[in-house]
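These notes are about the structure you will find just below.
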Amino acid sequence: MEPRPLKKIYDTAQKVTDRMRALAKTNSIETRFLHQRFALERFLKRLSTSPYREKIVLKGGVVMLTLADDMLRPTEDIDANIEDLSEQTVRDLVTTVAAVVPDEEDGLVFRTEELTIKPIMEGGDNGLRALFWAEYPNEAGRPVRVRMKLDFAPTNPRNEFRLDSLPSTLKDFSPVAIPMYSWARVFAEKVHTIAKHGMFNTRAKDFYDLVMLARNGRFDGEVLAGALVEVFDERITPAITEPLDGLSDEFAIIQQQIWDNFAADRNGLSVKIGTLLEVIQEIRPFVLPVVTAAATGESFTKEWSPGNGWQEVTPSLVPRQEFLK
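Per the UniProt record's numbering, the sequence shown starts with residue 1, numbered consecutively.
As structure tokens, this is what we get:
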């Protein structure tokens with residue numbers, strides 16, 4: 001493929017950043033959030049056309065954007081599982097993908113001259129983090145720079161995944177088709193985090209994401225319970241127990257400031273969901289029956305739909321394929 005003409009890169013970068021500035025103003029958010037999100041999307045677009053597409057499974061905040069295209073959902077990095085995790089594998093992936101000539105000009109250049117790769121220290125994760133820069137360049141030599149952060153963990157061969165499309169922040173750019181976590185796995189990992197951290201949990205975005213799942217998804221109870229057992233089994237501790245301190249009224253009252261900070265950082269949230277106590281009271285009917293089934297080993301044949309909650313299975317009325325896996 002021919003090299004990208006510099007003039008076209010500069011012109012497109014100017015148009016893209018102008019559009020994001022207008023979009024940020026319309027949505028009352030900081031432009032830097034859109035710079036970041038678009039850069040993540042376009043890196044994934046390049047990855048989706050590279051050989052590494054078959055070696056990774058996307059997880060984390062970016063996956064949530066395929067359920068509800070939420071302009072304000074906090075998404076500042078890419079999380080993925082990768083085959084044969086090593087520093088060299090991650091380095092090769094980043095440099096290869098950064099060099100891909102995009103099939104549609106987006107005005108972005110990924111700079112890997114200062115690429116650093118280091119172990120992920122927080123949360124006890126056995127992973128590697130890649131840090132480098134994305135630039136929206138201009139002829140004046142003063143590019144808009146975005147810090148790129150990619151977190152990689154080893155692939156678990158048991159993990160189910162799906163092929164889905166990530167929508168673009170700027171709608172005339174094509175979506176990204178890429179392997180992603182199953183929704184059951186997303187649910188299970190968020191519940192595991194709440195159980196693990198208990199009263200000391202500061203990850204407000206997990207509560208936000210569970211509300212989004214409850215409001216936008218339709219789920220098979222047995223599938224969610226099975227995924228929950230699998231995640232707790234993989235990570236050994238804590239055991240699945242009831243009740244969850246991290247879904248208690250007491251926790252919500254104590255940690256309200258965490259929720260306030262989360263919302264304030266984003267000039268409010270796209271979906272109005274009140275105080276942390278109100279959020280947790282909305283989440284509990286969605287999460288706790290699944291936790292009970294996973295903890296006791298009892299069959300849980302109900303199915304979840306927004307507005308109706310958990311109901312007995314009615315196969316003649318609801319085709320199974322309509323439910324998220």
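Glycine included, every Cβ here is placed at the ideal spot set by N, Cα and C.
Looking only at DSSP bridge pairs, what is residue i linked to?
{"i": "Arg111", "result": "Trp133"}
{"i": "Phe152", "result": "Ala80, Leu128"}
{"i": "Glu222", "result": "None; Glu222 has no bridge partner."}
{"i": "Trp180", "result": "Note on identity: in this sequence residue 180 is Met, with Trp being the wrong assignment. Met180 is bridged to Leu58, Arg162."}
{"i": "Glu303", "result": "Asp220, Gln311"}
Can you look up residue i in the DSSP assignment and give me helix, strand or coil?
{"i": "Lys7", "result": "helix"}
{"i": "Ala147", "result": "One point to set straight first is that residue 147 is Arg, not Ala, in the sequence displayed. Strand, per DSSP."}
{"i": "Glu76", "result": "coil"}
{"i": "Trp309", "result": "Checking the sequence, you will find Gly at residue 309 rather than Trp. Strand, per DSSP."}
{"i": "Met121", "result": "coil"}
{"i": "Thr116", "result": "strand"}
{"i": "Glu105", "result": "coil"}
{"i": "Pro243", "result": "coil"}
{"i": "Glu230", "result": "helix"}
{"i": "residue 329", "result": "Nothing can be reported for residue 329: it is not among the residues displayed for the chain, which extend from 1 to 325."}
{"i": "Leu288", "result": "helix"}
{"i": "Leu85", "result": "coil"}
{"i": "Ala195", "result": "helix"}
{"i": "Ser48", "result": "helix"}
{"i": "Thr12", "result": "helix"}
{"i": "Glu250", "result": "helix"}
{"i": "Gln255", "result": "coil"}
{"i": "Asn185", "result": "As written in the sequence, residue 185 is Arg, which differs from the Asn given in the question. Note: Arg185 maps to helix in three-state DSSP."}
{"i": "Leu213", "result": "helix"}
For the candidate residues the options, whose alpha-carbon lies nearest to that of residue i?
{"i": "Glu41", "options": "Ser165, Ile254, Asp206", "result": "Ser165"}
{"i": "Ala130", "options": "Gly107, Gln88, Asp106, Tyr136", "result": "Gln88"}
{"i": "Glu104", "options": "Val231, Asp172, Pro285", "result": "Asp172"}
{"i": "Glu76", "options": "Lys196, Asp84, Val63", "result": "Val63"}
{"i": "Glu122", "options": "Glu282, Gly226, Asp151", "result": "Asp151"}
{"i": "Ala39", "options": "Thr26, Val97, Phe232", "result": "Val97"}
{"i": "Phe187", "options": "Arg162, Phe219, Leu115", "result": "Phe219"}
{"i": "Phe33", "options": "Gly307, Gly297, Val287, Arg147", "result": "Arg147"}
{"i": "Gly60", "options": "Leu228, Pro306, Asp206, Glu222", "result": "Asp206"}
{"i": "Ser86", "options": "Gly127, Phe262, Thr49, Phe110", "result": "Gly127"}
{"i": "Ala227", "options": "Ala68, Ser174, Gly297", "result": "Gly297"}
{"i": "Asp260", "options": "Thr112, Arg111, Glu278", "result": "Glu278"}
{"i": "Ile273", "options": "Gln36, Ala204, Arg91, Val109", "result": "Ala204"}
{"i": "Ser174", "options": "Pro154, Ile29, Phe43", "result": "Phe43"}
{"i": "Thr112", "options": "Lys118, Ile280, Pro119, Phe132", "result": "Phe132"}
{"i": "Arg4", "options": "Thr116, Ala99, Leu213", "result": "Ala99"}
What does the Cβ neighbour count give for residue i, buried or exposed, with the cut at 16 atoms within 10 Å?
{"i": "Ile253", "result": "exposed"}
{"i": "Lys45", "result": "buried"}
{"i": "Met199", "result": "exposed"}
{"i": "Ile236", "result": "exposed"}
{"i": "Asp168", "result": "The question names Asp, but residue 168 is Ser in the sequence shown. The residue in question, Ser168, is buried, as its Cβ has 16 or more Cβ neighbours within 10 Å."}
{"i": "Glu54", "result": "exposed"}
{"i": "Glu83", "result": "exposed"}
{"i": "Gly307", "result": "exposed"}
{"i": "Asp209", "result": "buried"}
{"i": "Leu224", "result": "buried"}
{"i": "Ser316", "result": "Caution applies to Ser316, whose pLDDT of 48 falls short of 50 and renders its modelled position unreliable; the model cannot decide the point."}
{"i": "Ala134", "result": "buried"}
{"i": "residue 340", "result": "Within the shown structure, residues of the chain are numbered from 1 to 325, placing residue 340 beyond reach of any answer."}
{"i": "Val101", "result": "exposed"}
{"i": "Gly246", "result": "buried"}
{"i": "Ser28", "result": "exposed"}
{"i": "Leu163", "result": "exposed"}
Spatial neighbours of residue i within its chain, please: C-beta separation below 6 Å, excluding the five flanking residues on both sides.
{"i": "Leu6", "result": "none"}
{"i": "Leu58", "result": "Ala80, Ile178, Met180"}
{"i": "Val16", "result": "Gly107"}
{"i": "Gln256", "result": "Leu276"}
{"i": "Val318", "result": "Low per-residue confidence applies at Val318: pLDDT is 46, beneath 50, and the placement is therefore not dependable, though the value from the model is reported in the following sentence. There are no such residues."}
{"i": "Ala239", "result": "none"}
{"i": "residue 327", "result": "Missing from the structure shown is residue 327; the chain here goes from 1 to 325 and no further."}
{"i": "Glu305", "result": "According to the sequence as given, residue 305 is Ser; it is not Glu. Once the five neighbours on either side are set aside, the close Cβ partners of Ser305 are Arg218."}
Which same chain residues end up closer than 7 Å to residue i when comparing Cβ atoms and leaving out the 5 residues on each side of it in sequence?
{"i": "Asn138", "result": "Tyr10, Ala13, Gln14"}
{"i": "Arg320", "result": "Any answer about Arg320 is weak, because its pLDDT of 44 lies below 50 and its placement is not dependable; what the coordinates show is given next. Same-chain partners within the cutoff: there are none."}
{"i": "Asn31", "result": "For clarity, residue 31 is Thr in the given sequence; the question names Asn instead. So the list reads Met20, Arg21, Ala24, once near-sequence residues are dropped."}
{"i": "Leu244", "result": "Ile194, Ala195, Val291"}
{"i": "His192", "result": "Val231, Phe232, Arg235"}
{"i": "Lys190", "result": "Asp206, Asp209, Leu210"}
{"i": "Val287", "result": "Val191, Leu210, Leu247"}
{"i": "Ile120", "result": "Gly127, Leu128, Arg129, Asp151"}
{"i": "Arg284", "result": "Leu247"}
Residues in the same chain with beta-carbon distance under 8 Å from residue i, minus the five sequence neighbours each way, listed in chain order, please.
{"i": "Lys302", "result": "Gly221, Pro289, Trp310, Gln311, Glu312, Val313"}
{"i": "Ala140", "result": "none"}
{"i": "Thr202", "result": "Gln255, Ile258"}
{"i": "Ser115", "result": "What sits at residue 115 in the sequence shown is Leu, not Ser. Arg91, Val94, Thr95, Ala130, Leu131, Phe132."}
Within 7 Å: the Cβ of residue i and any heavy atom of the ligand FAD?
{"i": "Gly221", "result": "No copy of the ligand FAD appears in this structure; indeed no ligand is present at all."}
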